[in-house]
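My numbering numbers the first residue of the sequence shown as 1306 and each following residue consecutively. First the structure, in the form of structure tokens, and then the observations on it.
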Amino acid sequence: MKGKYKAAIALVLVLVLLPLTLLLTLTHWVPTLAGIWLPVGTRISLQESPRLTRSALLIPDLRYLVGDCEIARVTDARLSRPSRWRLHIGQLEINSACLSKLPASDPSPGSPRTLAEWQSMLPYSWLTIDNLRLSPWEKWQGRLVMSLTPAQQDIGFAGKELSLQARLRGQALTVSQFSARLTDDQPPVKLVGTFHLPLVPDGLPVDGQMQGTFEFPQTAEWIDAELEWQHNRGQLLVTPRGEVEPILDLPWEITPERITISDGRWRTRYEAYPLRGRVALSVGNWQQGTEQMIVSGRLNVLTEGHAGKGNAVLNIGPGKLSMDNSDLPLRLTGEAKLGEMILYAALPAQLSGPLISPQLAFHPGALLRSRGRVIDALNIDEIRWPLAGVKVTQQGVDGRLQAILRAHEQQMGDFTLHLDGQASDFLPDSGRWQWRYWGEGHFTPMQARWDVKGSGEWRDNAITLSSLSTGFDKLEYGTMRVSTPRLTLEQPIRWLRDAEHPRLTGALSLDAAKTTFSGGSYLPASTLKFALDGRDPTWFQFTGALHAEAIGPVRLSGRWDGERLRGQAWWPKQSLTVFQPLVPPDWKMNLREGSLYAQVAFSAAAGQGFEAGRPWRPEGRQRLDAG
């Protein structure tokens, strides 16, 4: 009997200790056991052991991996069964980059195939995920709630940028609410619709219709969208609310091999100019994933201006748009005519990189040209923008930026300007763009030639003009002749484009050689030096002084408010003898005694011209001796 008691006690200990041991070692044997049913090359990993309470199974952390790539991570999962199964997950993170690494596998003979078979396997259950994140689209994260039965499946999603309410009954899918904010500064796109899903859920719905509304960014008007299809053909119409003619009409067809948009039409406006055209697009191997899809297409833009009609064509592909590495050739050719301007394009390029952060690189030979009339008097003979080697990404523009401008004005003359620089991840107020510029021209009213050269950079929110030299060989007006006037920098001009503390600073010098008048009188070589200090080029103050050998200094101060220049000039008391060069020699007059001082207020504005007051004031006895 004693041996039987020992055997019974040992059996009880085994029955108690074995489940306890299995429970305490879940992190070791559960992943191995699950690997029997998982796809080859995939596994699960438990960082902490699950805990079993009286009412629920708690799983603090679970990871699903293919190789070393983490496809999904579950945090704070709780499985319970109050009246039906309830699975509550604190956070589910899915890495879409790992999905392409899953091995292909054939379905087992007994696995469900039809939608009805899949639905019949669903338990009566609730699923709640407090935060569902899909990388790299984290902005669409939110809370997912699902109520599942074999007869009906309800789904709700609520996030900051995306929300959805939908119901599936058999093959009938009803989307009662869908809202997605595509850009931060625009209202969300809203959609509703009904769909009839295929018997075997391996393709698009058999038929359906969908309506949506959104706000058009260019016009801030509401747009209605309608999508309808039967079997493998359909049409998308996008129409401004209250209008009849659509701004987008896309007939489409889907086969197992290809998605095709043929003879699509579109229209819009650019400022006051109407634009319209046609579009065709083909996506082959679309069921094999983005890595295998072949994209090709054609889009044209029709314009009309004073010079007639223009047609520009964008040829797309063939190539691929990939989540990892796109490879899509593009080529824009043709001309656009807007008003009195004509734009010519020959732009071969390549779109590469991940689809969420692509890179557009222009090939050798990429060139934009333009000519026409900008304003009534200024005629653009030609502008050239060579773009070969330039790259555009989400970070900005990278590469050599050049421009050549040739223009003329009937009364003022002609000129040529060159710009050459290097950009590094440049966007306005972000990145860096260094440049140098030079040019020359004629100033017909004063029978002069002029030139300009300089350099500068735009780094983040600071624009710096580090060098400047511009001037005329002479200025002639009537009997006056100013020799070699030139404007240069005394200190770099720096514009800090800070939203809270903007600042504009700098200093310039305007120098001129002798200025001669009729009769042989002249003004000696003169220099005007002045400094700028203000908020931006539309609002600053200036101070300076004018010298002409012994004449002066005339001190200047004032401000520019974007519309009007206001200032004052102070001429200190000095002897009249300094003005002797201004007296023509044939007058045979010498200035002997006397003094002069002055204070003048002046202003200048468009439509007003230049106005000044408070004339000079001679003081004491003036003595003039005639020779």
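Note that beta-carbon positions come from the ideal geometry of N, C-alpha and C, so glycine has one too.
Cβ separation of residue i and residue j, assumed to be a contact under 8 Å, to the nearest whole Å
i     : j     : result
L1626 : L1673 : Actually they are not in contact, since the Cβ atoms of L1626 and L1673 sit about 25 Å apart, beyond 8 Å.
L1815 : L1833 : 4 Å
S1908 : R1871 : 5 Å
A1693 : H1723 : With a Cβ gap of about 17 Å, A1693 and H1723 do not count as contacting.
H1611 : G1644 : 6 Å
R1474 : A1456 : 7 Å
R1563 : S1601 : In fact, because the Cβ distance is near 10 Å, the residues do not count as touching under 8 Å.
S1430 : L1392 : 7 Å
G1704 : A1682 : The Cβ separation is near 35 Å, so there is no contact.
Q1664 : G1670 : Not a contact, Cβ separation roughly 19 Å.
T1769 : P1797 : 6 Å
N1590 : Q1597 : 5 Å
W1445 : L1478 : About 20 Å separates the two Cβ atoms, so there is no contact after all.
P1877 : Y1902 : 6 Å
S1735 : G1594 : That pair is no contact at about 34 Å.
Contact check, residue i vs residue j, beta carbons under 7 Å
i     : j     : result
G1639 : A1666 : no
A1641 : L1633 : no
E1533 : G1539 : yes
E1854 : P1829 : yes
E1526 : P1551 : no
N1400 : I1364 : no
L1449 : L1437 : yes
L1427 : M1451 : no
F1777 : W1755 : yes
A1812 : A1836 : yes
S1788 : K1779 : yes
G1746 : G1718 : yes
E1714 : M1751 : no
A1463 : G1447 : yes
L1351 : L1367 : yes
G1726 : Q1739 : yes
S1774 : T1749 : no
L1555 : G1569 : yes
T1513 : L1496 : Looking at the sequence shown, residue 1513 is not Thr but Gly. Not a contact, by the Cβ cut-off of 7 Å.
A1817 : P1790 : yes
L1502 : Q1476 : yes
S1760 : R1741 : yes
G1863 : T1843 : no
Three-way DSSP call (helix, strand, coil) for residue i in this model
i     : result
P1797 : strand
F1822 : coil
W1876 : strand
E1916 : strand
Q1592 : helix
L1487 : coil
L1496 : strand
V1679 : coil
T1326 : For T1326, the pLDDT reaches just 39, beneath the cut-off of 50, and the residue's location in the model is therefore unreliable, although a value from the coordinates is still provided. It is helical.
A1463 : strand
E1817 : Reading off the sequence, residue 1817 comes out as Ala, not Glu. Three-state result, A1817: strand.
D1891 : helix
S1405 : helix
T1769 : strand
V1618 : strand
P1510 : coil
E1645 : coil
Q1885 : helix
W1690 : strand
W1865 : strand
S1788 : strand
Span of the alpha helix (DSSP H) around residue i
i     : result
E1422 : 1420-1425
Where the beta strand (DSSP E) containing residue i begins and where it ends
i     : result
S1350 : 1347-1351
T1292 : Only positions 1306 to 1932 of the chain appear in this structure, which leaves residue 1292 out of reach.
T1698 : 1696-1698
Q1752 : Unbroken run through Q1752: none, as it is neither H nor E.
C1374 : 1374-1385
L1362 : 1361-1371
L1710 : 1701-1714
N1400 : 1390-1400
L1502 : Note, L1502: premise wrong, no beta strand (DSSP E); not H, not E.
T1832 : 1831-1841
Cβ-heavy atom distance, residue i to the ligand ZN, below 6 Å
i     : result
L1469 : No copy of the ligand ZN appears in this structure; indeed no ligand is present at all.
Item to check | Runs of beta strand (DSSP E) lying entirely within the region 1536-1589, each at least 3 residues, in chain order | outcome: 1538-1545, 1553-1559, 1563-1575, 1578-1589
Item to check | beta strand (DSSP E) runs contained entirely in the region 1721-1750, provided each spans 3 or more residues | outcome: 1735-1748
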